[in-house]
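Here the structure is laid out as structure tokens; the discussion comes afterwards.
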Amino acid sequence: MTKDAIVVVGASAAGIHAAEAVRGAGFDGSLVVVGAESVAAYQRPALSKQMLMKGWDGAALPLRSAGQLAALQAEWVLGRTATRLDTGARTVHLDDGTVIRYSGLIIATGSRAVVPSWLPGVELEGVDVLRTLDDALSLRRVLGSAGRHLTVIGAGFIGSEVASAARQMGASVALVDPRPSPLAGALGPVIGGLVAELHKEQGVDLRCGVGVQAILGSNRVEGVRLSDGRTIETDAVILGLGVRPNVDWLHGSGVRVDDGVVCDPFCASSVPGIYAAGDVARWPNIPFGSHKRVEHWSNAAQQGEAAGRNLVRAADPVPYASVPYFWSDQYTTKVQLLGVCSPDDSIVLLSGSMEERRFVAAFERHGTVRAVVAFKQPRMLAPFYELLRQGPFALTEAFAAVKKLATVSGDAIQQLHAGTAVTGEPRLRASHQ
Amino acid sequence: VTLNILLDTRRCSGFASCLIVAPSVFDLDEAEGKAVLLRDDCPPELLNRVTQAARDCPTGAIELVGDGG
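So the protein lines, in turn, are chains S and P. Residue 76 in the numbering used here sits at position 52 of the first sequence, with consecutive numbering throughout. Residue 95 in the numbering used here sits at position 18 of the second sequence, with consecutive numbering throughout.
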């Protein structure tokens with residue numbers, strides 16, 4: 025690396041970790057970090073969690089202290105969006121006309137929430153997504169008055185968390201999804217069914233298996249018309265329909281894009297000297313044999329670090345392999361997922377009770393475990409993390425790990441009994457189709 | 078140089094990723110929804126794990142500092 029300029033485009037989790045790794049790897053040249061939002065990096069996971077809860081004071085939760093950011097000795101270009109990349113001239117072009125030269129570049133532009141333009145009424149006031157601090161503040165204002173009704177369209181992770189937070193703030197909530205249960209697309213119908221129970225118990229008007237035909241209202245949203253012909257009267261709508269990688273600015277640059285920036289195992293893009301990390305990067309995660317984008321916070325942090333390091337130490341690159349980790353707070357239940365799961369994997373109970381919704385279960389196919397999910401069992405995941413670091417593992421190893429836990433914890437012995445007793449019972453070995 | 082582990086419980090939001098990576102160092106107080114330290118020194122064999130836990134913490138609640146630092 026010549027001693028000139030590294031530019032990081034994106035100033036959230038992936039970008040900040042990349043910038044820190046660039047310095048950590050010994051780069052002492054000019055470092056520029058470009059961010060689309062005008063505030064310093066904040067804790068984005070909190071937007072759909074504690075920032076929507078009672079008791080939050082309205083201040084952004086910073087990702088780093090002012091002192092930590094200053095220690096990076098970076099130039100911060102915030103509130104600016106990259107609009108074009110010229111890999112021949114090695115320049116990044118911003119929306120205000122600024123042109124920044126780079127010798128090394130990290131693409132950490134993340135993703136944006138999907139807004140379906142085909143949906144009538146989607147442009148009405150009161151129809152929003154939840155992706156940024158401004159979005160969260162605006163939703164809080166809506167939920168702040170008594171007697172409000174919120175409709176959440178899309179019962180994925182964000183949609184389910186928003187429903188959970190809105191109920192906690194006292195709003196009435198309808199949660200609509202064309203799939204048979206919440207989180208069905210990610211975790212399948214068995215785990216999704218448990219989350220459906222959580223929502224119903226908390227008084228959410230859950231409408232699964234139903235699409236949305238139109239959002240109704242003249243200026244401001246007044247209702248939502250469903251595909252079954254029914255109408256929900258509502259004060260606000262949140263769209264939780266997934267995200268798309270922010271790659272438009274790379275068009276024509278020569279950086280290969282195919283559902284995100286296509287990277288090698290070292291987070292390097294198709295153009296030398298350009299790396300990518302976070303939601304925007306699609307890379308081969310070797311232990312899992314997967315080649316996809318991962319939209320989790322922990323991936324943004326870890327991959328940002330890997331990309332920053334490998335850019336500076338290009339002669340000695342380290343492949344980025346990770347055990348994807350995700351957590352979601354649904355009411356008082358902490359749902360945690362480790363690994364790479366498919367919604368049509370079988371669910372095998374390893375420990376605890378699904379009826380009590382306090383358990384650890386494996387996503388299994390042909391005797392191999394690729395992911396583990398826990399409800400209210402944060403202590404039980406560590407041994408599975410160790411196993412998954414090497415990639416998928418045999419189901420028998422999962423039971424051995426639970427047994428080993430039982431020998432060190434009295435509490436877990438009961439869980440072991442639950443785990444071994446139910447293994448052979450087909451009702452708990454639920455499979456989708 | 079001895080390294081000490083600092084846990085800022087005002088920042089911690091109980092995401093529990095630290096327990097998974099370094100279970101001999103971190104636990105969770107489920108009632109409070111906050112991580113707790115099982116030890117506050119960081120011997121060399123745990124350095125990688127605690128560093129990873131600090132990096133993976135979405136709230137930046139974990140810090141490693143040298144003695145007196």
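All C-beta atoms in this analysis are idealised placements derived from N, C-alpha and C, irrespective of residue type, glycine included.
Think of a sphere of 8 angstroms around the beta carbon of P/R132: the chain S residues whose beta carbon falls inside it are H41, A325, Q326 and E329, in chain order. Here P/L83 has D117, I139, E140, L141 and V142 as same chain residues with Cβ atoms under 8 angstroms from its own Cβ, once five neighbours each way along the sequence are excluded. Taking the C-beta atoms as reference points, S/Y355 is found no nearer than 9 angstroms to S/Q237. In this structure, S/L419 lies near S/V372, with their beta-carbon atoms less than 9 angstroms apart. DSSP, reduced to helix, strand and coil, places S/G59 within a strand of the structure shown. In chain order, I97 and V98 make up the part of chain P whose C-beta sits under 7 angstroms from the C-beta of S/Y409. Contact between S/A179 and S/C232 holds, since their C-beta atoms are separated by about 7 angstroms, short of 8 angstroms. About 6 angstroms separates the CB atoms of S/A132 and S/V32; that is less than 8 angstroms, so the two are in contact. In this chain, the alpha helix (DSSP H) harbouring S/R164 covers L157 to G168.
Close to P/G137, with beta-carbon spacing below 7 angstroms, are these residues of chain S in chain order: L87 and R88.
S/Y349 and P/S94 have their C-alpha atoms spaced approximately 8 angstroms apart. Across the stretch 79 to 94 of chain P, CB contacts with chain S closer than 9 angstroms involve R88, S90, G91, F92, A93 and S94, in sequence order along the chain. Using a Cβ-Cβ cut-off of 9 angstroms, S/W100 does not count as an interface residue toward chain P, since no Cβ of chain P sits closer than that to its own. Exposure of S/G171 is indicated by the presence of fewer than 16 other C-beta atoms within 10 angstroms of its C-beta. Residues of chain P with a Cβ closer than 8 angstroms to the Cβ of S/Y349 are, in chain order, S94, I97 and D133. In the structure shown, S/Q327 adopts helical secondary structure according to DSSP, grouped into three states. Under DSSP, S/I239 shares a beta bridge with S/V248.
The alpha-carbon of S/S169 is positioned some 38 angstroms away from that of S/L362. A residue is called buried when at least 16 other Cβ atoms come within 10 angstroms of its Cβ; S/H275 does not meet this threshold and is exposed.
By the Cβ test, the stretch 210 to 226 of chain S is not in contact with the stretch 237 to 251 of chain S, since fewer than three Cβ pairs between them sit closer than 8 angstroms.
One alpha carbon belongs to S/M404, the other to S/A42, and they sit about 31 angstroms apart. Not a single C-beta of chain S is nearer than 9 angstroms to the C-beta of P/L115. S/W307 has its alpha-carbon roughly 11 angstroms from the corresponding atom of S/N323. When the beta-carbon positions are compared, S/G128 and S/I298 come within less than 9 angstroms of each other.
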